[in-house]
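Protein chains in written order, with the numbering used here: chain A, -17 to 591; chain B, 185 to 419.
All remarks here apply to the structure that follows.
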């Protein structure tokens, strides 16, 4: 019996649909559940869902085809997806994946003939500090080695349900190595909300303004401005409504926990151990902008956190910190719903995230209008990063001046760095903004560091010559990733990994990104295969220009960053791989024969070119 | 008093709510485009209509016109980038103009001529894409699809049928149709639907009409796309 019988699936499907009601905005959540239950989203399932939700069939098929964790063709009863980030590769991911494939007699990317198992790669799962990592049916596996894969292979062969696998396979650690104002001392649940209610919403916005907090997702937009734009989109007291979508005016608070940037895992730790702080920050935001509805968009890779987070939300409702009349304030109602993603990096882009929340393909919207005026279901919406909300809670409690006293003039407060790669102690490091790259490298025990990829593939590659530069919006802005490469690494491997990542994650909406990321990958692979020439380097630069200037959103415009950075800073990484350098070969052919001359003991005229 | 923007130095009036493309169209200024058709809601995906506004590139079909905008359109740099995008569209699909029924009436081909495309420049992808001839009156050749979603918009907004949609992601995107079999013949599409008329390439064609007008007497055999799309030509 390979796949559950169709009737089983039909029955489960009915239960899933009943559970989610007839709400089309639940489409992605429904498809996730169907994938879990049936290991496929069949044409029949698409039909049923379309009828049940009263949406066009093509919309359901479009969503099912967009997300990596959904599949319209059957996957194995056990689906193992190896995290494909460069840090996982550096820890031996490729070899381990092949090991498990051999063990289970299955080819990578295919389903075993008995339908039992499929093994493939996936984008970074956010476990770079405890890799190599993988997902089995969506649950994280960490610290993989041959011993663990032997065990996993046995568990799969004996068809042991994943829920009954030994818990040690799923253990994750926070690995907090340096704590400061955010991670250092705990906030008593309700303290920040209490402070807001005592101080007043307008006055809290003034504190946010004074703090000069800037978004922690990388773009660095000033949080107080975003909040005040969202609030101003419906100003009832002046009878002036910019955004009128009908019904009672409503604003929405969204926490972006789609931490998909390879090498970033600080939101994972905040949600695991500081969820109260994050939810408190969302509630503070709700009070300031006047929102009653909140969403946490949790990346699919972090579904293991879902139950725990639902538990925290439940506890907060019981404590009067969420729901109606928060802390007894009759005019303050706010609640938070968690939506799970399904493997699409693009959903970290705020307007794509909103599309996904609405149950659609995660495609960035045309802007203007911006989400602060026309966001979730057309309503004014604040989308902020997990860490931003955590900071907001602290500011609400302790005031803007306290926060602004740390960091630099344009980058106040602290930043969580997710450190991984060639370091002795990978994990989370919280520093006041302004810290030098060199300092971070010293603290994490970097081994002979050569390059650091800061803020992930879409960020900046910093060479050893630049280690005195600072982590700050004034110098190197970052969403948090800090991947260290030692001198023994070939930075070209990282470039190749990143170009594959962007090509895989491009949503396909606009021409430059859809085709440009694919072309970029092809050229990098050509160079990797030893067939590159100088003209390929020129082509990469030209593609980089097109991606940067013509793309629809940030994914496309940053997709060439790793290529252009490494071409500029480590030209050797490319050039020594080229098959021929048109016109002026830098390659020393005669020098290359030295080994052969030594072996043959010759040094005569005919042994030289 | 009329509000105005300038396009390549020319003063162009606009009304509140119009995009840069709307204003250009009304003034007879040509901005190359493929996914935009004034009859439908702007989409902004092909990026051919990218213009430079105050130093920044924006898609003119979706960007609202704002008083005083200085728009650069017909510049060497933008046309070179538009040419590259057009070449990308050619190599990602399988476009064989000499064998295509749409040749001479095809906007992709016409834009390529307008931009001076002499070769595809990039290596061809030669993707495997499906041809669907199951419908009695219409053929769907996905080899020629450029994901402009005009058929999607026309079927949804004009025909009220939702026959077409997009699935997949990135370079694996594909045009899907509204039937469990995945066949066009099993959808409610009719040859008279707007969705059949709007395809800028030869991806959606009416059967039996491919050569009603012989090659040599087709729209772009006698006029540039600029003439046609600014109302300067005939046909």
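From the three backbone atoms N, C-alpha and C, an ideal C-beta is built for every residue, glycine too.
For residue i, which residues from the same chain have a beta carbon less than 6 Å from its beta carbon, with the 5 sequence-adjacent residues on both sides left out?
| i | result |
| --- | --- |
| residue 408/B | 298 |
| residue 589/A | 579 |
| residue -6/A | 19 |
| residue 329/A | 240, 323, 335, 338, 344 |
| residue 479/A | 68 |
| residue 103/A | 64, 66 |
| residue 404/B | 288, 294 |
| residue 274/B | 304 |
| residue 262/A | 174, 375 |
Nearest CA to the CA of residue i: which residue from the options?
| i | options | result |
| --- | --- | --- |
| residue 182/A | 418/A, 483/A, 78/A, 313/A | 313/A |
| residue 420/B | 339/B, 360/B, 363/B | Nothing in the structure corresponds to residue 420/B, since chain B is present only between 185 and 419. |
| residue 266/B | 192/B, 320/B, 235/B, 332/B | 235/B |
| residue 427/A | 160/A, 86/A, 11/A | 160/A |
| residue 410/A | 8/A, 166/A, 175/A | 166/A |
| residue 343/A | 324/A, -8/A, 112/A | 324/A |
| residue 237/B | 245/B, 308/B, 256/B | 256/B |
| residue 457/A | 178/A, 541/A, 392/A | 392/A |
| residue 509/A | 463/A, 471/A, 558/A, 385/A | 558/A |
| residue 213/B | 223/B, 379/B, 196/B, 222/B | 196/B |
| residue 368/A | 147/A, 257/A, 555/A, 486/A | 257/A |
| residue 269/A | 504/A, -3/A, 180/A, 25/A | 180/A |
| residue 169/A | 25/A, 372/A, 396/A | 372/A |
| residue 243/B | 521/A, 493/A, 286/A, 280/A | 493/A |
| residue 335/B | 360/B, 253/B, 246/B | 360/B |
| residue 386/A | 467/A, 254/A, 196/A | 196/A |
| residue 81/A | 299/A, 452/A, 131/A, 164/A | 131/A |
| residue 264/B | 324/B, 296/B, 254/B | 296/B |
So residue i and residue j are in contact, right, with Cβ under 8 Å, and what is the actual spacing, rounded?
| i | j | result |
| --- | --- | --- |
| residue 198/B | residue 191/B | No, residue 198/B and residue 191/B are not in contact; Cβ-Cβ is about 10 Å, not under 8 Å. |
| residue 277/B | residue 327/B | 6 Å |
| residue 435/A | residue 465/A | 4 Å |
| residue 430/A | residue 469/A | 5 Å |
| residue 459/A | residue 200/A | 6 Å |
| residue 396/A | residue 266/A | Contact doesn't hold; Cβ gap of about 18 Å is too wide. |
Kindly list the residues whose CB is nearer than 7 Å to the CB of residue i, restricted to its own chain and excluding five residues on each side of it in sequence; keep chain order.
| i | result |
| --- | --- |
| residue 221/A | Low confidence applies to residue 221/A: its pLDDT is 45, below 50, so where it sits in the model is not reliable, and the reading given next is rough at best. None. |
| residue 383/A | 192 |
| residue 47/A | 54 |
| residue 6/A | 35, 37, 341 |
| residue 526/A | 542, 545, 546 |
| residue 483/A | 105, 244, 439 |
Excluding the 5 residues preceding and the 5 following residue i in the sequence, name in chain order all residues of the same chain whose CB lies nearer than 8 Å to its CB.
| i | result |
| --- | --- |
| residue 2/A | 8, 11, 12, 15 |
| residue 402/B | 287, 288, 289 |
| residue 583/A | none |
| residue 251/B | 187, 188, 189 |
| residue 379/A | 169, 173, 174, 177 |
| residue 254/A | 154, 156, 287, 290 |
With a threshold of 7 Å (Cβ to nearest heavy atom), would residue i be considered close to the ligand MG?
| i | result |
| --- | --- |
| residue 196/B | In the structure shown, the ligand MG is absent, as is every other ligand, since no ligand is present at all. |
| field | Given 8 Å, three or more beta-carbon pairs between the stretch 353 to 369 of chain B and the stretch 361 to 376 of chain A | value | The stretch 353 to 369 of chain B is not in contact with the stretch 361 to 376 of chain A.
| field | Near-chain B residues of the stretch 295 to 317 of chain A - C-beta to any C-beta below 7 Å | value | Within the stretch 295 to 317 of chain A, no residue has a Cβ that lies closer than 7 Å to any Cβ of chain B.
| query | Counting pairs of beta carbons, one from the stretch 266 to 276 of chain A and one from the stretch 94 to 104 of chain A, are three or more of them closer than 8 Å? | reply | The stretch 266 to 276 of chain A makes no contact with the stretch 94 to 104 of chain A, as fewer than three CB pairs between them are under 8 Å.
| query | So does the stretch 234 to 246 of chain A actually touch the stretch 104 to 117 of chain A, counting three or more Cβ pairs closer than 8 Å? | reply | The stretch 234 to 246 of chain A vs the stretch 104 to 117 of chain A: in contact.
| request: Give the residues from the stretch 241 to 271 of chain A that approach chain B closer than 7 Å (Cβ to any Cβ), ordered along the chain. | output: Of all residues in the stretch 241 to 271 of chain A, none has a Cβ within less than 7 Å of some Cβ in chain B.
| request: Give, in chain order, every residue of the stretch -11 to 4 of chain A whose Cβ lies closer than 8 Å to some Cβ of chain B. | output: Listed in sequence order: no entries.
| query | Is the stretch 63 to 71 of chain A touching the stretch 35 to 42 of chain A, taking contact as three or more C-beta pairs under 8 Å? | reply | Short answer: they don't touch.
| message | If the cut-off is 9 Å on Cβ atoms, which residues from the stretch 349 to 377 of chain B count as contacting chain A, listed in chain order? | response | Identification of residues in the stretch 349 to 377 of chain B having a C-beta nearer than 9 Å to some C-beta of chain A yields 349, 350, 351, 352, 353, 354, 355, 356, 357, 358, 360, 361, 362, 363, 364, 365, 366, given in sequence order.
| query | Just by C-beta distance, which residues in the stretch 283 to 313 of chain B are closer than 8 Å to chain A? | reply | Within the stretch 283 to 313 of chain B, the qualifying residues are 306, 307, 309.
| request: Spell out a yes or no on whether the stretch 83 to 92 of chain A and the stretch 412 to 419 of chain A are touching, meaning 3 or more CB-CB pairs, one atom from each, closer than 8 Å. | output: Fewer than three Cβ pairs drawn from the stretch 83 to 92 of chain A and the stretch 412 to 419 of chain A lie within less than 8 Å of each other, which leaves the two stretches out of contact.
| task | Residues of the stretch 23 to 41 of chain A with a CB closer than 8 Å to any CB of chain B: list them in chain order, please. | result | So the close ones are 25, 26, 28, 29, 38, 39, 40, 41.
| Contact set between the stretch 531 to 564 of chain A and chain B, restricted to residues whose Cβ is under 9 Å from the partner | Going along the stretch 531 to 564 of chain A in chain order, one finds 531, 532, 533, 534 with a Cβ nearer than 9 Å to chain B.
| If you measure beta-carbon to beta-carbon, which residues of the stretch 363 to 389 of chain A are closer than 9 Å to chain B? | Answer in chain order: no residues at all.
| message | Under 7 Å, CB to CB, which of the residues in the stretch 243 to 273 of chain B have a partner in chain A? | response | Close to chain A, meaning a Cβ-Cβ distance shorter than 7 Å, are the following residues of the stretch 243 to 273 of chain B: 246, 248, 265, 268, 269, 272, 273.
| request: Pair every Cβ in the stretch 297 to 309 of chain A with every Cβ in the stretch 20 to 34 of chain A, then say whether three or more of these pairs are closer than 8 Å. | output: No, they do not touch.
| query | Do three or more CB pairs link the stretch 434 to 451 of chain A to the stretch 543 to 550 of chain A at distances below 8 Å? | reply | With a cut-off of 8 Å, the stretch 543 to 550 of chain A and the stretch 434 to 451 of chain A count as touching, because enough Cβ pairs lie within range.
| Got a sec: which bits of the stretch 341 to 361 of chain A sit with their beta carbon under 8 Å from any beta carbon on chain B, in order along the chain? | Cβ contacts with chain B come from 343, 348, 350.
| field | the stretch 486 to 503 of chain A contacting the stretch 347 to 358 of chain B, beta-carbon criterion three pairs below 8 Å | value | Using a C-beta cut-off of 8 Å, the stretch 486 to 503 of chain A makes contact with the stretch 347 to 358 of chain B, since at least three inter-stretch Cβ pairs fall below that distance.
| field | Under 7 Å (Cβ pairs) to chain B, residues found in the stretch 506 to 533 of chain A | value | Under the 7 Å Cβ criterion, the stretch 506 to 533 of chain A contributes 528, 531, 532.
| request: Evaluate contact between the stretch 148 to 163 of chain A and the stretch 117 to 125 of chain A, counting only Cβ atoms and requiring at least three cross-stretch pairs below 8 Å. | output: The stretch 148 to 163 of chain A, when compared against the stretch 117 to 125 of chain A, does touch it at the 8 Å Cβ threshold.
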